[in-house]
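First comes the structure, then the notes that go with it.
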Amino acid sequence: MPIRPSQGDPRHDPVMLREVLSALALNAGDTVVDGTLGLSGHARAFAEAISPGGTLLGIDWDQEMLEIGRQRLSEVEDVEKHFCHSDYRQIAEIVRRHKLVPNGILLDLGLNSAQIDDPSRGIAFSKDGPLDMRMDRSRGEPASALLNRLGPTEIENILFKYGDERWGKAIGKKIVEIRKAHPLRTTHDLVEAVLAAVPPGARDKRIHPATRTFQAVRIAVNSELEGIDDTLMEAARCLAPGGTLVVLSYHSGEDRQAKHAFRELADSGGYLDLFKKPLQPTPDEISRNPRSRSAKLRAIRRFLT
Ligand SMILES: C[S@@+](CC[C@H](N)C(=O)[O-])C[C@H]1O[C@@H](n2cnc3c(N)ncnc32)[C@H](O)[C@@H]1O
183 MPIRPSQGDP
193 RHDPVMLREV
203 LSALALNAGD
213 TVVDGTLGLS
223 GHARAFAEAI
233 SPGGTLLGID
243 WDQEMLEIGR
253 QRLSEVEDVE
263 KHFCHSDYRQ
273 IAEIVRRHKL
283 VPNGILLDLG
293 LNSAQIDDPS
303 RGIAFSKDGP
313 LDMRMDRSRG
323 EPASALLNRL
333 GPTEIENILF
343 KYGDERWGKA
353 IGKKIVEIRK
363 AHPLRTTHDL
373 VEAVLAAVPP
383 GARDKRIHPA
393 TRTFQAVRIA
403 VNSELEGIDD
413 TLMEAARCLA
423 PGGTLVVLSY
433 HSGEDRQAKH
443 AFRELADSGG
453 YLDLFKKPLQ
463 PTPDEISRNP
473 RSRSAKLRAI
483 RRFLT
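Position one of the sequence shown corresponds to residue 183 (this note's numbering), numbered consecutively onward.
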């Protein structure tokens, strides 16, 4: 069943689609779980590969993304579809609840372009909006509350741990100083704090001075790096014999966890780590879709017996 390319905004080019499909090697009738459904770019291609008779489960913790993903898959008729608003760290429990034995699982970590470009989410430093950054806006603490609450050293630690920000100490102190006059409310408030803390002569010319701070705060707000390794091992244990788990990561902290989890699985016997080194996008893909540039793909396959 041919599927038309997705139409209309918001857009997101599925990263390393060819490599993901080749690693998963899906067949008609297979069961596949997309733990990070997003705008269903990958999932649409999965639906095509498992049709007719396959089963697709899509998970996303962002209700808005899940709805767009669901709607974009609505034209797919000859595949059984399930959708779940949840954190993929619950993947093993969700798969069990749906009584599925997946032949393929994808975790495409991080955010999609629609989330980055939406000013109401406060993720991009280039767009003024509320300083929120939560992926699941139904719970948790927005970035503004976190930065108005933490002490300077705690802020510095977050900026260093998740953003490798060398100016974390100065930025932490500046945030605390500024919020004495007025609490941080918007993305521009945070950009201004960074610009006031990092002297012009010390700025990296290749990236905006607030890039690392925004990445680090977003990772902290969403606890994005917590428990990825355990989740990957649990997900791999759900696979059908011969099934494959693929992970796309965009941050060294994510890839490190994937590497360790896959090594442990391979050492335990029963799994084959498909690539010694992670695959990366081709120069051609990076020029078409610059947001793919930091992607790393790893895959692990469960032995047949
Ligand atoms: C890079 S996008 C996925 C894009 C998708 N593969 C596509 O081609 O359209 C990542 C998606 O995963 C979701 N996500 C990130 N972390 C998550 C988590 N811990 N649990 C569930 N969903 C998550 C985000 O909300 C986002 O929609």
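Every residue, glycine too, gets a C-beta built ideally from N, C-alpha and C. Bear in mind that the values here come from a model prediction, so they are computed numbers and not experimental data.
Is T393 a contact residue of ligand 1, with contact defined as CB to any heavy atom under 7 Å? no
Under DSSP, the beta strand (DSSP E) around V215 begins and ends at which residues? T213 to D216
I'd like the span of the beta strand (DSSP E) that includes E347, first residue to last. Element bounds for E347: n/a, residue is neither H nor E.
Along the alpha helix (DSSP H) that carries V376, what are the first and last residues, could you check? T369 to A379
Considering just the uninterrupted stretch of the alpha helix (DSSP H) at A227, what are its terminal residues? G223 to I232
For G151, tell me which candidate among T487, S474 and G435 has the shortest Cα-Cα distance. Since the first residue of the chain shown is 183 and the last is 487, residue 151 is not available in this structure.
Which runs of the alpha helix (DSSP H) fall wholly inside the stretch 449-482 and span at least 4 residues, in chain order? 465-470
Alpha carbon to alpha carbon, what distance is there between C420 and L454? 15 Å
When the Cα atoms are used, what is the spatial distance from L461 to G435? 16 Å
Run through the stretch 270-318 for me and flag every whole beta strand (DSSP E) of 3 or more residues, listed as ranges in chain order. 286-290
For a test of your reading of the model: does the CB of Q397 fall under 7 Å from any non-hydrogen atom of ligand 1? Yes or no. no
For I241, does the three-state DSSP call read helix, strand or coil? strand
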